[in-house]
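Data first, discussion second: the structure below is written as structure tokens.
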Amino acid sequence: MSGKTFLALVGILLLAVFLRFWEIKEIPPGLYPDEAMNGNNAVEAMARDGLSVFYPDNNGREGLFMNIQALSIKVFGSTPWALRIVSGIFGVLTVWGIFLLSRKMYHPLASRNKIALFAAFFLATSFWHINFSRIGFRAIMAPFFLVWGLYFFFKFYKDTGSPKSQMISAALGGLFFGLGFHSYIAYRIAPLLLLLPIVSGWNRIRRETCFPCLTLIFILFTAIAVIPLGLYFLDHPQDFFGRTSQISIFSEGSPIKALSVNVAKTLGMFWVYGDANWRHNFSGMPQLSWIVGLFFLLGIIFSLKNILKRDHPSEIEKFNSLFLIFWLALMLAPVVISSEGLPHALRAIITIPPVMILSAYGLNNAYEATIRWLKHKRKQLPEHAHQLGRIKRELVLLVALLFVAMAANAYDKYFNQWAGRVETYAAFNTRDWEMAMYLRSLPQDVKKYIVIVGEGIDPRIVTISSQSVLFGTETFLPEARVEKNFHYVTPEELSAEFAKNPKQKAEIVFLGAENREISSSLLKQYKNLKMKIAGPFIVLALTP
1 MSGKTFLALV GILLLAVFLR FWEIKEIPPG LYPDEAMNGN NAVEAMARDG LSVFYPDNNG
61 REGLFMNIQA LSIKVFGSTP WALRIVSGIF GVLTVWGIFL LSRKMYHPLA SRNKIALFAA
121 FFLATSFWHI NFSRIGFRAI MAPFFLVWGL YFFFKFYKDT GSPKSQMISA ALGGLFFGLG
181 FHSYIAYRIA PLLLLLPIVS GWNRIRRETC FPCLTLIFIL FTAIAVIPLG LYFLDHPQDF
241 FGRTSQISIF SEGSPIKALS VNVAKTLGMF WVYGDANWRH NFSGMPQLSW IVGLFFLLGI
301 IFSLKNILKR DHPSEIEKFN SLFLIFWLAL MLAPVVISSE GLPHALRAII TIPPVMILSA
361 YGLNNAYEAT IRWLKHKRKQ LPEHAHQLGR IKRELVLLVA LLFVAMAANA YDKYFNQWAG
421 RVETYAAFNT RDWEMAMYLR SLPQDVKKYI VIVGEGIDPR IVTISSQSVL FGTETFLPEA
481 RVEKNFHYVT PEELSAEFAK NPKQKAEIVF LGAENREISS SLLKQYKNLK MKIAGPFIVL
541 ALTP
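According to UniProt numbering, the sequence shown holds residues 1 to 544 in order.
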């Protein structure tokens, strides 16, 4: 790697760090219940029987992410950013990983460094990836483990380095690839991705090392990483599919029609209309900026030409084109067979790496084709060599300015436009989080009643919608509720409680939204009950 490439990579990684950690304590606002559920499970695991490979609450989640979050909570406390910095770390390391993977895939082509840098930059400035790198969802690990697992796989696939180093790469690659099964349910289709390179590598005759042997090492270490989760599913087969059967198109009346619609929506999310959920995206904005979207389209076109053209001069480009297109199509399969909330940026997160590499390949090919055209014209028109040389310099400057504009736009779109939206505030249950901070500040002798309307209360987890308050007040554990005087009740339970002991010091809040009917009834019934405004919610304060 040249000095210029190294400095460019460092600059991209610093940019990735900035975009993923700047103001992480304030943005995103609030804490979504699914994030809080992760944190509560982590807290419970540390206080009870220890960490688990799988947590069945909230439709079931692989446990690795929550176990890492548990360490973060232990260091930084029960705060949203303690949950989210784990995602940020995985996000930054994925940017580094996509550089290494792209560079290894296109080895030994002279353009490999440019393609790798372009891919890393596109990923570093992607709103899609920045957003999920700042939310405490386990899915952010899927592209990380896949990118790093494939990087080490391609290290020995390319037959570079000593036999010992290739064995180490096979073992590390298998571990990373296997740990991906602990990330997100859509990852389970990933082994099919290896069919193409394994068949290709198996048929290679001229190699310094034994490719079948290295592949078996890779598979062995993948199995070692998967074994704990596999043993859990053997004992709990009902947890294996999670919500998959609930949201599958095959549960609908016309699955073929649903599939056609889903394919159109999913492909359209890259260029036309993206995820409408404000938590996942700037609602409706394509998942790719128009610049990256253009290069992504070019990358697909160039790749299809490489696949279909028999006399293409570069077998590496032909193989990579086939591999990337297959990677993209394979990872979109779990998305298009689902029937909920499409287009769905979170469910499609595992497609981000091939999208960025194809976009980088499209930009590189367009740039090199332009440079070749300028060189050709200089030979044809030597009298215009000076003007053509100036055009080349201006082209380089244009690409540099384009990158600066993309970085500035990524910052503006996320921090200035998206973060301050009312819809974003609501999407992360910010009202509930501010309520938790208020309740947390009250003296211990004050009874805190959180009224839950329309949901059954579970004695252990209470409700899914209450997780943000439970995490913020550190009252997920039943004994913590008793110690801190917290009571999660239905309206009926609240009335019964007051009937038994109306003369008590208490404060009442309503989870989700104020219930005027219940509030008015209580105010009429108890003269010592007063209403006050505490930020974005109402509190009913009862004094003896």
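Each residue gets a CB set at the ideal place from its N, CA and C atoms; glycine is no exception.
Exposed unless 16 or more other CB atoms sit within 10 angstroms - verdict on residue 418: For the purposes of this step, residue 418 is taken as the residue at position 418 of the sequence shown. It counts as buried.
Over what stretch of residues does the beta strand (DSSP E) that includes residue 350 continue unbroken? Mapped onto the sequence shown, residue 350 falls at position 350. For residue 350, no beta strand (DSSP E) segment is defined, and its DSSP state is neither H nor E.
Just the Cα atoms here: how many angstroms apart are residue 231 and residue 403? On the sequence shown, residue 231 is found 231 positions in, with the first residue counted as 1. On the sequence shown, residue 403 is found 403 positions in, with the first residue counted as 1. Straight-line Cα distance between these residues: approximately 47 Å.
Taking the alpha-carbon positions, what's the residue 157 to residue 60 distance? The sequence position of residue 157 within the sequence shown is 157, counting from 1. The sequence position of residue 60 within the sequence shown is 60, counting from 1. Spanning the two alpha carbons is a distance of roughly 36 Å.
For residue 105, which residues from the same chain have a beta carbon less than 7 Å from its beta carbon, with the 5 sequence-adjacent residues on both sides left out? As a first step, residue 105 must be located in the sequence shown, where it is residue number 105. These residues qualify, in order along the chain: 154 and 320.
Would you say the segment 155–174 touches the segment 116–132, given that touching needs at least three Cβ pairs under 8 Å? Touching, no, given that fewer than three Cβ pairs across the two stretches are closer than 8 Å.
Would you decide whether residue 496 is buried or exposed? Buried here means 16 or more other CB atoms lie within 10 Å of its CB. Your numbering for residue 496 matches position 496 in the sequence shown. Sixteen is the threshold: since fewer than 16 other Cβ atoms of the shown chains lie within 10 Å of the Cβ of residue 496, the residue is exposed.
Going by beta-carbon coordinates alone, are residue 364 and residue 111 separated by less than 8 Å? What you label residue 364 is simply residue 364 of the sequence shown in a count that begins at 1. What you label residue 111 is simply residue 111 of the sequence shown in a count that begins at 1. In this structure, residue 111 lies closer than 8 Å to residue 364 by Cβ.
For residue 290, which residues from the same chain have a beta carbon less than 6 Å from its beta carbon, with the 5 sequence-adjacent residues on both sides left out? Mapped onto the sequence shown, residue 290 falls at position 290. Here the set comprises nothing.
Quick check: residue 278 and residue 293, are their CB atoms within less than 8 Å of each other? Residue mapping note: residue 278 aligns to position 278 of the sequence shown, counting from 1. Residue mapping note: residue 293 aligns to position 293 of the sequence shown, counting from 1. Contact: no.
Reduced DSSP category for residue 54 - H, G, I as helix; E, B as strand; rest coil: On the sequence shown, residue 54 is found 54 positions in, with the first residue counted as 1. Note: residue 54 maps to strand in three-state DSSP.
In whole angstroms, what separates the C-alpha of residue 400 from that of residue 174? Within the sequence shown, numbered from 1, the residue matching residue 400 stands at position 400. Within the sequence shown, numbered from 1, the residue matching residue 174 stands at position 174. Those two C-alpha atoms are separated by around 38 Å.
Could you tell me if residue 186 is buried or exposed, where buried requires 16 or more neighbouring beta carbons within 10 angstroms of its beta carbon? One-based indexing of the sequence shown puts residue 186 at position 186. By the neighbour-count rule (16 or more Cβ atoms within 10 Å), residue 186 is buried.
When you compare only the Cα positions, how much space is there between residue 256 and residue 32? Taking the first residue of the sequence shown as 1, we reach residue 256 at position 256. Taking the first residue of the sequence shown as 1, we reach residue 32 at position 32. Annotation: residue 256 to residue 32 spans about 34 Å, alpha carbon to alpha carbon.
With DSSP run on the structure shown, which of helix, strand or coil describes residue 532? As a first step, residue 532 is located in the sequence shown; it is residue number 532 there, counting from the start. The three-state secondary structure of residue 532, taken from DSSP, is strand.
Pull the bridge partners of residue 303 from the DSSP assignment, please. Residue numbering aside, residue 303 sits at position 303 when the sequence shown is read from its first letter. Per DSSP, none; premise fails for residue 303.
DSSP bridge partner residues for residue 62 (one or two, in chain order): As a position in the sequence shown, residue 62 is number 62, starting the count at 1. DSSP output for residue 62 lists 54 as bridge partner(s).
Neighbourhood of residue 428 by C-beta, 6 Å cutoff - its chain only, sequence neighbours within 5 removed: Residue numbering aside, residue 428 sits at position 428 when the sequence shown is read from its first letter. Counting only Cβ-Cβ distances below 6 Å, and skipping sequence neighbours, we find 28, 29, 30 and 32.
Can you tell me which of 23, 94 and 393 puts its alpha carbon nearest to the alpha carbon of residue 350? As a working note, residue 350 is residue 350 in the sequence shown. Considering only alpha carbons, the answer is 94.
C-beta contact flag for residue 133 and residue 20 at 8 Å: Locating residue 133 in the sequence shown gives position 133, counting from the first residue. Locating residue 20 in the sequence shown gives position 20, counting from the first residue. Contact: yes.
Terminal residues of the beta strand (DSSP E) in which residue 540 lies: Along the sequence shown, read from residue 1 onward, the residue named residue 540 stands at position 540. First-last of the beta strand (DSSP E) with residue 540: 537–542.
If we cut at 8 Å on Cβ distances, does residue 201 have a partner in chain B? In the structure shown, chain B cannot be found, because there is only a single protein chain.
Under the rule that 16 or more other beta-carbon atoms within 10 Å means buried, what is residue 236, buried or exposed? Working through the sequence shown from its first residue, we reach residue 236 at position 236. Classification for residue 236: exposed.
Could you check where the beta strand (DSSP E) with residue 487 kicks off and where it finishes? The residue labelled residue 487 in the question sits at position 487 within the sequence shown. Secondary structure note for residue 487: its beta strand (DSSP E) is the uninterrupted segment 486–489.
Tell me whether residue 40 is buried or exposed, calling it buried when 16 or more other Cβ atoms sit within 10 Å of its Cβ. On the sequence shown, residue 40 is found 40 positions in, with the first residue counted as 1. With 16 or more Cβ atoms within 10 Å of its Cβ, residue 40 is classed as buried.
Exposure of residue 471, with buried meaning 16 or more beta-carbon neighbours within 10 Å: Counting from one through the sequence shown, the residue named residue 471 turns up at place 471. With 16 or more Cβ atoms within 10 Å of its Cβ, residue 471 is classed as buried.
Going by CA-CA distance only, name the one from 431, 491, 480 and 460 that's closest to residue 545. A question about residue 545 goes unanswered here, because the residues of the chain that appear run from 1 up to 544.
Residue 375 versus residue 381 - alpha carbon distance: In the sequence shown, residue 375 corresponds to position 375, counting from 1. In the sequence shown, residue 381 corresponds to position 381, counting from 1. In this model, residue 375 and residue 381 are separated by some 10 Å (Cα to Cα).
Who are the Cβ neighbours of residue 328 in its own chain at under 8 Å, not counting the five residues just before and after it? Reading the sequence shown from its first residue, position 328 is the one you call residue 328. Same-chain partners within the cutoff: 351, 354, 355 and 358.
Continuous alpha helix (DSSP H) stretch holding residue 99: start and end: If you number the sequence shown from 1, residue 99 lands on position 99. Its alpha helix (DSSP H) spans residues 80–105.
Per-residue DSSP class, three states only, for residue 507: Residue mapping note: residue 507 aligns to position 507 of the sequence shown, counting from 1. Residue 507: strand per DSSP, three-state reduction.
Terminal residues of the continuous alpha helix (DSSP H) containing residue 164? In the sequence shown, residue 164 corresponds to position 164, counting from 1. Looking at the DSSP string, the run of the alpha helix (DSSP H) that includes residue 164 is 163–179.
Sort 338, 431 and 299 by Cα distance to residue 367 and report the nearest one. Reading the sequence shown from its first residue, position 367 is the one you call residue 367. Answer by Cα proximity: 299.
If you follow the alpha helix (DSSP H) that residue 422 is part of, which residue opens it and which one closes it? Residue mapping note: residue 422 aligns to position 422 of the sequence shown, counting from 1. Where residue 422 is concerned, the enclosing alpha helix (DSSP H) stretches over 422–427.
Quick one: is residue 304 buried, meaning 16 or more other Cβ sit within 10 Å of its Cβ, or exposed? If you number the sequence shown from 1, residue 304 lands on position 304. Classification of residue 304: exposed, given that the 10 Å Cβ count is below 16.
Taking the alpha-carbon of residue 330 as reference, which of 263, 282 and 273 has the nearest alpha-carbon? Numbered from its first residue, the sequence shown carries residue 330 at position 330. Nearest option by C-alpha distance: 263.
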